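> With positions in the sequence shown counted from 1, the corresponding number in my numbering is that position plus 9.
This is the structure, below, for whatever I ask next.
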Amino acid sequence: MRLIRRMIPVCAAVVMAVVASACNRSSQTMPREFGPLVLGSTASCPVVSGRYFESEGPINDLLFLSNVLDAPNDADRAWVELAGMADTGVAVTVMYRDSTVRYGSLRKGDQWSGDYFCEDGWLKVSDRRIPGRWDRDITDADFQPRRRAFWLAPNADGGLVGRLQFIAFDAIDSWCPSGCEGIPIPGTFQYRDAWSLAERFDPGLPPPVARKREADRQRVLADFARARRDPVYQEEQLLENGPPDPERDAVQRRALRSVVEGMLIKGVGRSQGGFNISLEFDELWQLEQFMTRFQGTGPVEEIAVAPLYRARTTDGHWTDVVWVRLSP
Numbered sequence: 010m011r012l013i014r015r016m017i018p019v020c021a022a023v024v025m026a027v028v029a030s031a032c033n034r035s036s037q038t039m040p041r042e043f044g045p046l047v048l049g050s051t052a053s054c055p056v057v058s059g060r061y062f063e064s065e066g067p068i069n070d071l072l073f074l075s076n077v078l079d080a081p082n083d084a085d086r087a088w089v090e091l092a093g094m095a096d097t098g099v100a101v102t103v104m105y106r107d108s109t110v111r112y113g114s115l116r117k118g119d120q121w122s123g124d125y126f127c128e129d130g131w132l133k134v135s136d137r138r139i140p141g142r143w144d145r146d147i148t149d150a151d152f153q154p155r156r157r158a159f160w161l162a163p164n165a166d167g168g169l170v171g172r173l174q175f176i177a178f179d180a181i182d183s184w185c186p187s188g189c190e191g192i193p194i195p196g197t198f199q200y201r202d203a204w205s206l207a208e209r210f211d212p213g214l215p216p217p218v219a220r221k222r223e224a225d226r227q228r229v230l231a232d233f234a235r236a237r238r239d240p241v242y243q244e245e246q247l248l249e250n251g252p253p254d255p256e257r258d259a260v261q262r263r264a265l266r267s268v269v270e271g272m273l274i275k276g277v278g279r280s281q282g283g284f285n286i287s288l289e290f291d292e293l294w295q296l297e298q299f300m301t302r303f304q305g306t307g308p309v310e311e312i313a314v315a316p317l318y319r320a321r322t323t324d325g326h327w328t329d330v331v332w333v334r335l336s337p
């Protein structure tokens, strides 16, 4: 027992030395398009004040919504603003698309207190404040995280770059007085990084998720155009759908002219004297704007959201069907 008591301070010192060096290494480099970074000086925090598009993941949860009162998790956020000098504290304002505003604040502390601390020019969040919900995205048979670290710094484009570092190590688990994860074994540390970006808010741009969906839509349309020129595809379509339907094709062309950025048309087909237009999108206002745009493309006798079709995909997107009947 006396020998164990003498070893405990030595082991603790070794642990602190190993952990202190952990944040200087990484198994993955930052995506090139995220840089270059604008770090603070060694003795001060980086400048994080500004207005940003919402960022899914660690930036959103650990900074944008941390300590924000009554912040609904499933509402559509237009932008988030950080204000103040990070060397003293940061005020948070969240603006939602329905014009609701929520406020919060982040307290500077150190590795053991407060909402964040600063080190080596980065704004950092200590392990105790980082949930393990992102572990499943990085865990495999050879890597099982025991600790995490989150670093934040602005980039030259005015956005915020987040680095979530996962730390795995072997440990002596036979004796741990306070229920900790055990005593790390030096030389067994492994590191993996997950990078994220909160872009600087620009009112003239749609949200990043909508821009990504628009790029995906354009790619699908290009693939479809190439497929339509393939004789085998043309033969398959004839066997499956019968001869061409000029009226349905006209509805499809009008639908393509009506899509909102970030929206995807999944199909057009005849139904109950009219046509069903199957859509996938991110926010319900896009559906309303699509219907308004469609009415502006030509005569429409009736247009409505078809009942019983609305659903959420596994990716969190909305799917729905718009039924239209053209004027005779």
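C-beta atoms are modelled at their ideal positions from N, C-alpha and C, and glycine is treated no differently.
No experiment lies behind these values; they were computed from the predicted model shown.
What is the C-beta distance between VAL99 and VAL57, in whole angstroms, given that I count them as a contact (C-beta under 8 Å)?
Position 90 of the sequence shown holds residue 99. Position 48 of the sequence shown holds residue 57. Right, the Cβ-Cβ distance comes to about 7 Å (below 8 Å), so this counts as a contact.
> Closest to GLY271 by C-alpha separation, out of ARG41, ALA219, MET39, would be which residue?
Stepping through the sequence shown from its first residue, residue 271 is reached at position 262. Nearest of ARG41, ALA219, MET39 to GLY271, Cα basis: ALA219.
> Just verifying my parser: in three-state terms, what is the DSSP assignment at SER30?
Within the sequence shown, the letter at position 21 stands for residue 30. In this predicted model, SER30 has a pLDDT of only 33, less than 50, meaning its place in the structure is not dependable enough to derive any value.
> Are the CB atoms of TRP131 and PRO55 within a distance shorter than 8 Å?
As a first step, residue 55 is located in the sequence shown; it is residue number 46 there, counting from the start. As a first step, residue 131 is located in the sequence shown; it is residue number 122 there, counting from the start. Their beta carbons are under 8 Å apart, which means PRO55 touches TRP131 by this criterion.
> Use the C-beta contact count for LYS275: other C-beta atoms within 10 angstroms, 16 or more gives buried, fewer gives exposed.
As a position in the sequence shown, residue 275 is number 266, starting the count at 1. By the 16-neighbour rule on beta-carbons within 10 angstroms, LYS275 is exposed.
> If you check the beta carbons only, do ARG263 and ARG279 fall under 8 Å apart?
In the sequence shown, counting from the first residue as 1, residue 263 sits at position 254. In the sequence shown, counting from the first residue as 1, residue 279 sits at position 270. No, the Cβ-Cβ distance between ARG263 and ARG279 is not below 8 Å.
> Going along the chain, which residues of its own chain have a beta-carbon closer than 6 Å to the beta-carbon of PHE73, five neighbours each way excluded?
Indexing the sequence shown from 1 puts residue 73 at position 64. So the qualifying residues of the chain are VAL89.
> Where does the unbroken alpha helix (DSSP H) through TRP294 begin, and where does it stop?
Here residue 294 corresponds to residue number 285 of the sequence shown, with the count starting at 1. Element bounds for TRP294: 293-304.
> Which residue marks the beginning of the alpha helix (DSSP H) containing SER280, and which one marks its end?
As a working mapping, residue 280 is identified with position 271 in the sequence shown. Where SER280 is concerned, there is no enclosing alpha helix (DSSP H), although the beta strand (DSSP E) it sits in stretches over 273-280.
> Can you check the segment 213-269 for any alpha helix (DSSP H) of at least 4 residues that lies completely inside it and give the ranges in chain order?
217-237, 240-250, 255-267
> Looking at the unbroken beta strand (DSSP E) that takes in GLY98, where does it start and where does it end?
For the purposes of this step, residue 98 is taken as the residue at position 89 of the sequence shown. Here the beta strand (DSSP E) through GLY98 covers 98-105.
> Using DSSP's beta-bridge definition, name the partner residues of TYR125.
On the sequence shown, position 116 is the one that residue 125 refers to. BP columns for TYR125 point to LYS117.
> Would you kindly check if the distance between the Cβ of LEU169 and the Cβ of GLN159 is under 8 Å?
Reading the sequence shown from its first residue, position 150 is the one you call residue 159. Reading the sequence shown from its first residue, position 160 is the one you call residue 169. For the sequence presented, residue 159 should be read as Phe rather than Gln. Taking 8 Å as the Cβ cut-off, PHE159 and LEU169 do not qualify as a contacting pair.
> Leaving out the 5 sequence neighbours to the left and right, which residues in its chain are closer than 6 Å to GLN298 when beta-carbon positions are compared?
Position 289 of the sequence shown, counting from 1, holds the residue named residue 298. Closer than 6 Å at Cβ, skipping near neighbours: VAL269.
> For ARG86, report the span of its beta strand (DSSP E) as first-last.
Locating residue 86 in the sequence shown gives position 77, where the first residue counts as 1. Counted as a single uninterrupted DSSP element, the beta strand (DSSP E) harbouring ARG86 occupies residues 86-92.
> Once DSSP output is grouped into helix, strand and coil, what is the label at ASN69?
Translated into positions along the sequence shown, residue 69 becomes position 60. Helix at ASN69.
> Alpha carbon to alpha carbon, how far is CYS127 from VAL229? Give it in angstroms, no decimals.
Translated into positions along the sequence shown, residue 229 becomes position 220. Translated into positions along the sequence shown, residue 127 becomes position 118. Roughly 44 Å between the two C-alpha positions.
> Would you call the CB atoms of SER114 and VAL134 closer than 8 Å?
Stepping through the sequence shown from its first residue, residue 114 is reached at position 105. Stepping through the sequence shown from its first residue, residue 134 is reached at position 125. No; because the gap between Cβ atoms is not below 8 Å, this pair is not in contact.
> If SER144 sits next to PHE175, beta carbons under 8 Å apart, how far is it from one beta carbon to the other, in whole angstroms?
Counted from its first residue, the sequence shown places residue 144 at position 135. Counted from its first residue, the sequence shown places residue 175 at position 166. Looking at the sequence provided, one finds Asp at residue 144 rather than Ser. Indeed, because the Cβ distance is near 7 Å, the residues count as touching under 8 Å.
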